Amino acid sequence: MALYLTRFSYTPETWARLTKNPEDRREAARRYIESVGGKLHGFWYAFGTCDGYNLWEAPDNVSMAAVAIAIGGGGALSKFETTPLLTVEETLEALGRVSATGRPEHSRGASPDSGRRAGVMLGGKPATEEPSFFRVRPSTLGTANVTLFPATVDGPRRWKGARSRHGSRRECAR
Numbered sequence: 001m002a003l004y005l006t007r008f009s010y011t012p013e014t015w016a017r018l019t020k021n022p023e024d025r026r027e028a029a030r031r032y033i034e035s036v037g038g039k040l041h042g043f044w045y046a047f048g049t050c051d052g053y054n055l056w057e058a059p060d061n062v063s064m065a066a067v068a069i070a071i072g073g074g075g076a077l078s079k080f081e082t083t084p085l086l087t088v089e090e091t092l093e094a095l096g097r098v099s100a101t102g103r104p105e106h107s108r109g110a111s112p113d114s115g116r117r118a119g120v121m122l123g124g125k126p127a128t129e130e131p132s133f134f135r136v137r138p139s140t141l142g143t144a145n146v147t148l149f150p151a152t153v154d155g156p157r158r159w160k161g162a163r164s165r166h167g168s169r170r171e172c173a174r
C-alpha cells in the first residue's frame, strides 16, 4: 500500500467548536481511512503554516482521493493537501529508470546544481532564441516546482524580464 502525507488547517469556526468541546480527532480520521481499507499511522498538530499533519496508508490513489474529498467536503477544514510519499526503494527504482526517459544527452554529467537552473527548450530552439522557457526546480522528493519564464536567458544564472507571481517585473538571480 502507498503512504500519503496530508497537511491540514481548521477553519476558525472549527477551532471555536474544539475550544468549547475538546475532542480527539484521530478517531474520525481513522474511520475515514479504514473505510477504504487503509490505515492511519500518525496524527499531529503543529505550529506554522498548517494546523496539523497526518500520515496515512491507502490501497491506491483513488482510495486516498476519496478520503481527501470526504474530509475536505465536510466544511471543518480551510486547507487539506495530500502528498504521495515514495519509499527509498521506489526512489532508487525511479533513479534507475531516468535513462529511459530520454533525458537530453547534453545534460548528462552536469553539475548537481545545474539541474536547479536548467531551462527546457521549447519548439527545439535554445532558450535564448525562444521568448519563454520552463525552469524545473526540484523541491521535495517526488515533486518539482515548474516555472514558466516569459524571458530570455542572459548567462547561465540570470533570467531577465521574468514576472513574479504577483505580476511585477523582476530579475531572477540564482
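Under our numbering, the sequence shown has 31 at position 31, and the numbering climbs by one with no breaks.
For each residue, glycine too, the CB sits at the ideal point set by N, CA and C.
On a predicted model such as this, the values are computed, not experimentally measured, just so you know.
Could you tell me whether the Cβ atoms of residue i and residue j are closer together than 7 Å?
i	j	result
I33	V67	yes
A58	M64	yes
C50	S9	yes
N54	T87	no
S78	T11	yes
Please report the straight-line C-alpha distance between residue i and residue j, rounded to a whole angstrom.
i	j	result
L40	Y4	10 Å
G37	L85	18 Å
M1	G102	29 Å
A76	D60	25 Å
A28	L92	35 Å
E89	G96	11 Å
E81	G52	11 Å
A94	N21	47 Å
W56	G72	15 Å
What residue range is occupied by the uninterrupted beta strand (DSSP E) comprising residue i?
i	result
A76	Here A76 belongs to no beta strand (DSSP E), and DSSP marks it neither H nor E.
G42	K39 to Y45
T6	A2 to Y10
E57	G52 to A58
Exposed or buried, which one is residue i when buried takes at least 16 other CB atoms within 10 Å?
i	result
G74	exposed
A46	exposed
Start and end of the alpha helix (DSSP H) containing residue i?
i	result
L95	V88 to R97
R30	R26 to E34
I'd like the list of long-range same chain contacts for residue i, defined as Cβ closer than 6 Å, with 5 residues on each side in sequence excluded.
i	result
E23	none
T83	L5
R26	F43
Apart from the five residues on each side of it in sequence, which residues of its chain come closer than 7 Å, Cβ to Cβ, to residue i?
i	result
E13	none
Looking only at its chain, what residues have a beta carbon closer than 8 Å to the beta carbon of residue i, apart from the 5 residues adjacent to it on each side?
i	result
R17	none
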